[in-house]
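Encoded as structure tokens, the structure appears first; notes follow it.
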Ligand SMILES: Cc1ncc(COP(=O)(O)O)c(C=O)c1O
């Protein structure tokens, strides 16, 4: 059901009694289970076999000093109350500074108490969104390839995921492909919207491709959302990681979108501290009130002390906004250099990279290395998945197959690609490059 103005976006409160009980919700369909399994499986393989792990998305360099210092201050010199419960929907200093920051970014006034909610990482923000906003029978449009939890989370809420692909359009001049060459077909996208569509999930900058949606692409999505009265769950966890002078445009700032968009962010990605698990949602109260119900009745709140340190990190960034000393300026600058280094190194061994415009991921074409990993005809497992497993076991290099970011039905659409994470120390990237170069030499001499 599309969302009508003034209509309750979700019947969570209304039919709490008739809603399936928790045990029913915990029986995800087989394909949702497969998707969760594949990620767990690759993390386990990386832990067991990898010498160099460019698989999972986390930095192996330290979180910035100012953030670590803020945590130490909160621990030792701060109020004893920082070790106790705080406000369920977000520690007041954190929601206040997030509201101030997003007022700047969105150009609108925000109420920290009703327009911002702090979550246990962006992951829990996503879970709250799907549980609160998606009803049984609702359709949710997901753009492929996608961060793998979207599909099972939609299904756990009783919704039906409807997939629409980004299609590659390789440059004809022999240049390396860019993530911008992966595009939506406007007619195909429009065909997915109907009266059952409740929401679309947008992830820009996109994991795994690193695509940063352009104003034109966002405008098209916004137009369809407004026309069909559809919500937008906008996962912007990589909002600061944008390269080559590109700009991250927030869909909530486009005409008619604020009232139907929830913006999701992550301190883990923003401050290179994924283990802290601090995330947030920014959006209109009429949507956030339903998220608060789910949050309050599930995790209640996120660790006070981590929220306090993140609040101080944002205070610093607010004062340094746009200045060269800002972490939000420095981090993308450093990551762009790492991206360029890995691009060169992969290109040098013939593993053609797709140059990402954002995030800290890079997808590369494994074709030249395929002869070492024979295809198994009629196997249900996508080729790239077998390749990535072989690579970690035999070469000690961990990456994630692109097929892990597709639905079960489309997992065999692109099976020549693997995803690397380049948020790594120089030594780690160099070690990965050495493995690939040695492998290439062995191939050439055999
Ligand atoms: C697109 C996307 N959204 C959400 C998350 C989860 O973020 P967090 O670690 O803050 O829970 C990730 C983590 O990799 C991600 O890539």
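In UniProt numbering, the protein residues as written are 1 to 446. Ideal Cβ positions, reconstructed from N, Cα and C, are used throughout, including at glycine.
Sort the options by Cα distance to residue i and report the nearest one.
i: residue 368; options: 327, 416 and 402; result: 416
i: residue 255; options: 225, 361 and 349; result: 225
i: residue 320; options: 147, 104 and 73; result: 104
i: residue 219; options: 235, 400 and 252; result: 252
i: residue 387; options: 71, 373 and 174; result: 373
i: residue 60; options: 271, 95, 229 and 418; result: 271
i: residue 143; options: 267, 189 and 435; result: 189
i: residue 347; options: 364, 147 and 263; result: 364
i: residue 293; options: 56, 375, 127 and 261; result: 127
i: residue 249; options: 57, 221 and 231; result: 221
i: residue 76; options: 342, 394 and 308; result: 308
i: residue 398; options: 129, 38 and 46; result: 46
i: residue 407; options: 99, 117, 152 and 116; result: 152
i: residue 148; options: 390, 38 and 184; result: 38
i: residue 145; options: 442, 409 and 70; result: 409
i: residue 195; options: 204, 184, 268 and 231; result: 231
i: residue 181; options: 205, 211, 165 and 161; result: 211
i: residue 138; options: 112, 192, 185 and 116; result: 192
i: residue 205; options: 185, 187, 237 and 227; result: 237
i: residue 311; options: 53, 354 and 73; result: 73
i: residue 282; options: 389, 233, 247 and 296; result: 233
Measuring only the C-alpha atoms, how far is residue i from residue j?
i: residue 216; j: residue 79; result: 48 angstroms
i: residue 150; j: residue 177; result: 26 angstroms
i: residue 345; j: residue 433; result: 6 angstroms
i: residue 276; j: residue 284; result: 26 angstroms
i: residue 427; j: residue 439; result: 18 angstroms
i: residue 299; j: residue 163; result: 30 angstroms
i: residue 329; j: residue 240; result: 8 angstroms
i: residue 371; j: residue 242; result: 35 angstroms
i: residue 245; j: residue 339; result: 14 angstroms
i: residue 290; j: residue 420; result: 36 angstroms
i: residue 474; j: residue 55; result: Residue 474 falls outside the range modelled here, since the chain spans only 1 to 446, and no answer is possible.
i: residue 90; j: residue 102; result: 15 angstroms
i: residue 119; j: residue 129; result: 11 angstroms
i: residue 435; j: residue 360; result: 20 angstroms
i: residue 29; j: residue 223; result: At residue 29, the pLDDT of 45 sits below 50, so the modelled position is not reliable; the number obtained from the coordinates is stated separately. So the two alpha carbons sit approximately 32 angstroms from each other.
i: residue 394; j: residue 378; result: 24 angstroms
i: residue 414; j: residue 81; result: 52 angstroms
i: residue 273; j: residue 331; result: 13 angstroms
i: residue 454; j: residue 161; result: The displayed coordinates of the chain run from 1 to 446. Any statement about residue 454 would go beyond what the structure contains.
i: residue 117; j: residue 203; result: 19 angstroms
i: residue 49; j: residue 40; result: 14 angstroms
i: residue 42; j: residue 389; result: 8 angstroms
Can you name the residues that DSSP bridges to residue i?
i: residue 439; result: Residue 439 pairs with nothing; no bridge assigned.
i: residue 398; result: 53
i: residue 358; result: 242
i: residue 173; result: DSSP, once it has assigned bridges, lists no residue as partnering residue 173.
i: residue 418; result: 364 and 401
i: residue 233; result: 201 and 262
i: residue 117; result: 281
i: residue 143; result: 164
i: residue 390; result: Paired residues: none, contrary to the question.
i: residue 182; result: 168
i: residue 353; result: 364
Does any residue of chain C have a CB that is nearer than 8 angstroms to the CB of residue i?
i: residue 289; result: Any reference to chain C falls outside this structure, which holds one protein chain only.
Would you say the beta carbon of residue i comes nearer than 7 angstroms to a heavy atom of ligand 1?
i: residue 274; result: yes
i: residue 204; result: no
i: residue 235; result: yes
i: residue 61; result: no
i: residue 277; result: yes
i: residue 269; result: yes
i: residue 46; result: no
i: residue 123; result: yes
i: residue 266; result: yes
i: residue 107; result: no
i: residue 53; result: no
i: residue 127; result: no
i: residue 77; result: no
i: residue 57; result: yes
i: residue 147; result: yes
i: residue 207; result: yes
Would you call the region 86-96 and the region 302-314 touching, i.e. three or more CB-CB distances under 8 angstroms?
-> yes
Do the region 134-144 and the region 196-211 meet, that is, are 3 or more Cβ pairs less than 8 angstroms apart?
-> yes
Three or more C-beta pairs below 8 angstroms linking the region 365-384 and the region 399-419 = yes
For the 8 angstroms Cβ check, are there 3 or more pairs between the region 167-177 and the region 307-326?
-> no
Would you call the region 66-73 and the region 286-298 in contact, with 3 or more CB pairs under 8 angstroms?
-> no
Per the contact definition of three or more C-beta pairs closer than 8 angstroms, is the region 306-316 in contact with the region 154-161?
-> no
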